[in-house]
Every structure is written in C-alpha cells, then in structure tokens.
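Chains as they are written, first to last, in the working numbering: chain C, 5 to 313; chain V, 5 to 313.
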C-alpha cells in the first residue's frame, strides 16, 4: 500500500504579504484547507487519485476567491470562458475542455470526457453540448458574476489591456489557475488544472491549463504535474511533460527536475509561475519563481498550507 | 553553412497500392513534389526554415487532395473547421489556431500569431477576427466545398460515425493532415502542421496538430517534428516533444528516438500514424506504423517522394 498524498494550488504571481489583509489571508487559507481535506479525505478512505484531484479542484472552482469556475474572470465580451484538463497516470488517459461557458465545474467535464475514452480535447459550444448530454450541472451567466471580478474587468477595459488574472497593474501579475495532483493507496497518480483565463481576454485565447503536456500531465512511471503561470511560455516549454522526461530519461529526482524546469529553464525565458508535482514515491514539490503561490499539501505525516515564499 | 533540407507529409493511414489508380497516384506525387520544391526553393536561396515550412504547407493546403485548407473535410454541421500549428526552433516561439473557418491558409494564421510574440493559441471566431485584422486571405464556405469530401460526409452521416479522415470504412483509416519540417543554411529548425480534422466531427474536437509538443515541435537543440495520426493518442503521448526529449536527455540519435516513439511506444497503445523529423545536423526520418504515409524529402544530395511502405 502506497501512502496517499495530495497537493493543490490556487494560482501563482505577485502575491505579497504587504498587500494582503489578515482577513483576506484567512479566507484563502480556509479555502485551500477545505479543498485539501476534501481531496485527502477521498484518498484516506481508499479512493482514487483521480477522484481526489477532481473533488479538490471542484472545491476550488466553487470558491469565488480563485480564477476558475464560480470565480472566473470576465473576458472582453463580459462572459466567463473556462478551460480545464485532467489526466490519469495509470493509463495516460486524459480529458481537456477549453473556452466553455456555463458549466459549473469544468474539471468535471474534462473528467467525463476522459471517462468516455474517445476524444481528448473539446472546445467551445460543442463541449457545452457534450456537458448537457452527460448531465453535468449548468449554471446561468449570473452564477459566475462576482463584484470583485467585475471591478477588475472595468479597470482592465479602461487601460484596454488583457490582464493575466485579476490585478490592477500588469506588473502586478497573478496567474489565476487552480490545480491538484495526487497519489492514491494503489500507487496511481493523477493531475488536473482549471482556469477562468485572463481578464478582458479576446480572440479565444487558450492558455496552458488544458494542454496535456504543458499545464497538466500524469504518468505512473514518473509524476503528476499541474502548472500555473504565464501560459504562452508554459506551452512553448511543454513544462509538465518536461519535468516527467527529466525524471524518466535523465534520471533526475522530482526535486531536481522541478528545480531545473521552474527555477532555471522558465526563469531564463522570463516564464513566471510555478507548479505542483508528486512522484510515484509520494514525494511532493511545489516550486515557483514568482512572489507567491497559493498552495497546500497533505500526506499521513504532514500538512502544509502556504501563500508566500 | 548548414546544408538545407526539408521534409513534408500529406497524412498517414490505410493507403494501399491496391486501392490506388495510377492516375490518382500521379496526382499525389505531383502535389507532393510541388510543395517540396516550393519549400526547398526558399531554403536553397538562403531563406529561413520557417518561411520554407510555411510555403510548403500553404502549397499542400491549396491542393484539394489533402485534408487541410481547400481540401478540408466536412464537420457534422457541413462546415470546414481547420487547425494549424507552427514553431521556430531558434527561439521556441510558436503559434497555433484551432476550429477556424474561412481562413484560406490556416498555417499562415498560425505564423502571423507566432510573429506577434503574444498569445500562442487562439481558437474559433476569435482567431478568425485576428485573421481579418492582420489581413489574411479569407474565402467563402464554397471555396472549401469539394465533391469528394462532400460524398465522404454523406457516407459518414449514413453510418453516424466520425471518420478520422476520408475513408469509407473506419477500419480503412486515413489521418488527414499535412506538415513540413526544415533546416536552413543558418542551422535554424522549424516545424508546422495543418489539418481539416475528422469527417462528420462533432463537439468542437481538437486533435494533436495545433498542440505544441504533441503534433508540432521544434528546437534547434534537438529536432523539428510534424505528426500525422490518431490525434487523441498523439496528444496523450506528447509525441513530438517526446522525440526531442529522447535526443536531449537520453542521448538517442534522431533515428533511435523516432523508432522508439513511433514503432514502439505508439504501437503499444495502438497509436496509428507517423511523423516527419529533421535534426540539427540535417538528418531526416519519416517513420510510420500505418500502411502508408504521403511523404517527401529533399536536401542537396537526395530527393525522395513516397507513399507506401
């Protein structure tokens, strides 16, 4: 029996203690703890890594604090367009959805697609049709409307900029994404990522979150990875699969591979962000090269919830 | 000065000599030669690998024989939805577009996006808006209507199946994709892939072609790759970047890496298809595990155009 373990993130970026109120910090910490315990509870009762990852991400999607699900930012047209991806390390099966609206839990849609074992990646209205066919919860636009995100959108429109997440100045970046990785008592790995994209985004832009190999990857031979960061650079660097390959082909440990990719290769191209990773031995890494990353981990021996460096 | 070289493909699958007429075979050979010489002509006059790849793929997109651009298959709604991706090995910059309609040359749109150095991946109507903004050629739906593809769509609708490309029975599969990889006299690598997707496809399905790392990848340190095959399995296997990693991290030659991925790893999961690859030394590989692959290569010393095993 493998010792179960889970790690989650709620996005990385310019998250400074100086700009956070104690009350706000407590809200984030509570939300991370709830998602962490939801996922770990499944693992500790013999559930699968896939179920734990999906449940933890659903918890984060249902929380208005994070840019995913209910808390998703507004795009250029005042809509909420979401992406999500999930992968099983057991058989490298995967599901990903992009630019979907009204689906309450995008990660559940990615999971339903994966479970069908047919198409891997669906986009836009077609993916929403599939969501209704499989009976997933659909919410009106108003469900995703939150005052905080609306203000951010109004600010973004004033400067005609497309914010990476929900900050007032572009230099003050946050990469709004949520994700989870887990290993279950059978030794199976899983990874998932979900996002509401960029405030005021145009053009049907897709980031790294739903791209298998870039924002999300899992393989029992190596590790499970969920990323958060500057999506374009994470796509070009095939970040998640790169960590896996450094372990499988170069013999690196999880810690070495994560350091190489996040602190060296990404830093070299100004690829701001981070990732959470868990390997087939249950080791966990949560590296980031930005100011902060909402993150948490739990196994039978330890629990950690953290925001800053 | 590096010796320039280029390789192209027009899709893989159940392509049997027994089901081909001499006239049809000649048409394919002529079309491949034209695209090959268009790309190589740019390289031999000192042009860049990127320009050669784009020009060769445009030539294949403009030919009704291949499932890309003008020859794109019909989706479930009787429309032509196309995907394309391009990547430069010089700075691992990339551009990808998905589910776009009416754009004459999807590869040119991917290139225009890459040249902007902003977003990497655009999808659907937003990508078409971008195409008009940058002044790319837009064609009416009728431009993409070809009798052969229309018949295939009618056949597909009868059986309510979603064909991978343009064959009458699912056991008789073709993976309709076009692609090119090249190295120029400066030693820079580039790769590109373009497709019209699956006949009668629903749900906004995206295959591997526009996914950086899966269907398309280029890096001057290792190689340039363009894939054609069962897209879902190519996405899950991160095929293009896997070849690159086997070279960079495991020290394999291009031939060894291609064999490992196409003839072993993909075969093990019934991942039918193939790829074209060129490394930083100008070596070319064009492996496939299906019955045939429309393919061609040219360098100062050799020229090859082939269809069957």
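Yeah, the Cβ is synthetic: ideal placement off N, Cα and C, and Gly gets one too. Quick caveat: nothing in here was measured; it's all calculated off a predicted structure.
Taking residue i as part of the beta strand (DSSP E), name the residues at either end of that continuous run.
| i | result |
| --- | --- |
| residue 86 of chain C | 86-92 |
| residue 10 of chain V | 9-17 |
| residue 133 of chain V | Where residue 133 of chain V is concerned, there is no enclosing beta strand (DSSP E), although the alpha helix (DSSP H) it sits in stretches over 129-137. |
| residue 181 of chain C | Looking at the DSSP string, residue 181 of chain C is not in any beta strand (DSSP E), and its letter there is neither H nor E. |
| residue 221 of chain V | 220-222 |
| residue 285 of chain C | No beta strand (DSSP E) holds residue 285 of chain C; DSSP gives it neither H nor E. |
Check for me: the alpha helix (DSSP H) holding residue i runs from which residue to which?
| i | result |
| --- | --- |
| residue 258 of chain V | 258-262 |
| residue 307 of chain V | Note, residue 307 of chain V: premise wrong, no alpha helix (DSSP H); beta strand (DSSP E) at 306-312. |
| residue 162 of chain C | 151-163 |
| residue 209 of chain C | Unbroken run through residue 209 of chain C: none, as it is neither H nor E. |
| residue 299 of chain C | Residue 299 of chain C -> not in any alpha helix (DSSP H); beta strand (DSSP E) instead, spanning 296-303. |
| residue 64 of chain C | 53-65 |
| residue 32 of chain V | 26-48 |
Here's the rule I'm using: 16 or more other beta-carbon atoms within 10 Å means buried, otherwise exposed. How should residue i be labelled?
| i | result |
| --- | --- |
| residue 316 of chain C | No answer is possible for residue 316 of chain C: the residues shown for chain C start at 5 and end at 313. |
| residue 154 of chain V | exposed |
| residue 163 of chain C | exposed |
| residue 141 of chain V | exposed |
| residue 34 of chain C | exposed |
| residue 274 of chain C | exposed |
| residue 246 of chain V | buried |
| residue 116 of chain C | buried |
| residue 28 of chain V | exposed |
| residue 305 of chain C | exposed |
| residue 252 of chain V | buried |
| residue 232 of chain V | buried |
| residue 95 of chain V | exposed |
| residue 25 of chain V | exposed |
| residue 212 of chain V | buried |
| residue 85 of chain V | buried |
| residue 9 of chain V | buried |
| residue 60 of chain C | buried |
| residue 64 of chain V | buried |
| residue 250 of chain C | buried |
| residue 108 of chain V | buried |
| residue 23 of chain C | exposed |
| residue 272 of chain V | exposed |
| residue 297 of chain V | buried |
| residue 144 of chain C | exposed |
Provide the residue(s) that pair with residue i in DSSP beta bridges, ordered along the chain.
| i | result |
| --- | --- |
| residue 233 of chain V | V/277 |
| residue 102 of chain V | V/127 |
| residue 242 of chain V | None, per the DSSP bridge assignment. |
| residue 142 of chain C | C/107 |
| residue 228 of chain V | V/222, V/282 |
| residue 193 of chain V | V/187 |
| residue 199 of chain V | V/87 |
| residue 216 of chain V | V/220 |
| residue 97 of chain C | C/92 |
| residue 148 of chain C | Residue 148 of chain C pairs with nothing; no bridge assigned. |
| residue 292 of chain V | V/278 |
Since residue i and residue j are thought to touch, with beta carbons under 8 Å apart, how far apart are those beta carbons, to the nearest angstrom?
| i | j | result |
| --- | --- | --- |
| residue 87 of chain V | residue 77 of chain V | Not quite, the Cβ-Cβ distance comes to about 12 Å (not below 8 Å), so this is no contact. |
| residue 182 of chain C | residue 11 of chain C | With 8 Å as the limit, residue 182 of chain C and residue 11 of chain C do not qualify as a contact, their Cβ atoms being about 12 Å apart. |
| residue 280 of chain C | residue 13 of chain C | 5 Å |
| residue 241 of chain C | residue 269 of chain C | 6 Å |
| residue 225 of chain C | residue 284 of chain C | 7 Å |
| residue 222 of chain V | residue 89 of chain V | At roughly 10 Å, the Cβ-Cβ gap does not stay under 8 Å, so residue 222 of chain V and residue 89 of chain V are not in contact. |
| residue 302 of chain C | residue 40 of chain C | 5 Å |
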